[in-house]
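Just so it is clear: in the sequence shown, position 82 is 82 by the UniProt record's numbering, and no numbers are missing. Read through the structure below, which is laid out as structure tokens, and then see the notes.
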Amino acid sequence: MTDAPMPSAQSPTARPFWREPALIFAALSGLAFVVLGLRAMAIPLTTSGGFGLPALGVTDALWVQVYGSRTMLLGILAITFAALGNVAALGLMFGIGATLPFFDMALIIGQTGPGPILFRHAAYVVWLGLGAILLWRLHRRRVTGA
1 MTDAPMPSAQ SPTARPFWRE PALIFAALSG LAFVVLGLRA MAIPLTTSGG FGLPALGVTD
61 ALWVQVYGSR TMLLGILAIT FAALGNVAAL GLMFGIGATL PFFDMALIIG QTGPGPILFR
121 HAAYVVWLGL GAILLWRLHR RRVTGA
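As structure tokens, then:
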């Protein structure tokens, strides 16, 4: 399940997976996503305002719980892939995941127009993009042995 080839245990560059900054970043990001998802599931009316589409009632807030379940799933996957040391899967997940905030921003602009809340979603693009770059570099280093 891990990327191959791995540096040998005698190699001066060999490090346990939990000491790789990219994997630590991915695991902590996954934990943050789980927390964000749980918050959306537990208090959807409050969370909806922070998302950029304030819900007016319980029915309006159902979409926030869908958003929360999506976010929790991505967090659980990130933690799992990081624990397994599957850098290739993490890199793909973060890279593809960096497109999700664009869809979220399009929904917000369509409903409420542009506003300062879009900066939060842009920060998610940067966060996920940075994670993808770190993970792809680690994957390349592991595969080439460089």
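Every residue gets a Cβ at the ideal spot worked out from N, C-alpha and C, and that includes glycine.
First through last residue of the alpha helix (DSSP H) which encompasses V58
If you number the sequence shown from 1, residue 58 lands on position 58. Judged by DSSP secondary structure, V58 falls outside any alpha helix (DSSP H); it is assigned neither H nor E.
Between the CA atoms of G129 and V143 - distance to the nearest angstrom:
By one-based count along the sequence shown, residue 143 stands at place 143. By one-based count along the sequence shown, residue 129 stands at place 129. If I take the Cα positions, the gap works out to 21 Å.
If we call anything under 9 Å between Cβ atoms a contact, is I79 one with V34?
Taking the sequence shown and counting its residues from 1, the one referred to as residue 79 is at position 79. Taking the sequence shown and counting its residues from 1, the one referred to as residue 34 is at position 34. V34 sits close to I79, with the two beta carbons spaced by under 9 Å.
Using the rule of at least 16 other Cβ atoms within 10 Å of the residue's Cβ for burial, across every protein chain shown, is V126 buried or exposed?
For the purposes of this step, residue 126 is taken as residue 126 along the sequence shown, with counting starting at 1. Exposed.
Looking only at its own chain, which residues have a Cβ that is under 8 Å from the Cβ of L31, when we skip the five neighbours before and after it?
Residue mapping note: residue 31 aligns to position 31 of the sequence shown, counting from 1. Counting only Cβ-Cβ distances below 8 Å, and skipping sequence neighbours, we find G75, I79.
Give the straight-line distance between the Cα atoms of L23 and A82, rounded to the nearest whole angstrom.
Along the sequence shown, read from residue 1 onward, the residue named residue 23 stands at position 23. Along the sequence shown, read from residue 1 onward, the residue named residue 82 stands at position 82. Looking at the two C-alpha atoms, the distance is approximately 6 Å.
Inter-residue Cα distance where the pair is G115 and L53:
For this step, residue 115 is matched to residue 115 along the sequence shown. For this step, residue 53 is matched to residue 53 along the sequence shown. Spanning the two alpha carbons is a distance of roughly 11 Å.
Do you know offhand how far H121's Cα is from L92's?
On the sequence shown, position 121 is the one that residue 121 refers to. On the sequence shown, position 92 is the one that residue 92 refers to. Taking the straight line from one Cα to the other gives about 19 Å.
DSSP three-state call for P54: helix, strand or coil?
In the sequence shown, counting from the first residue as 1, residue 54 sits at position 54. The answer is coil: DSSP assigns P54 none of H, G, I, E or B.
Which residues in the same chain as M72 place their Cβ atom closer than 6 Å to its Cβ, once the five residues preceding and following it in sequence are excluded?
Position 72 of the sequence shown, counted from the first residue, corresponds to residue 72. Answer for M72: V34, G37, listed in chain order.
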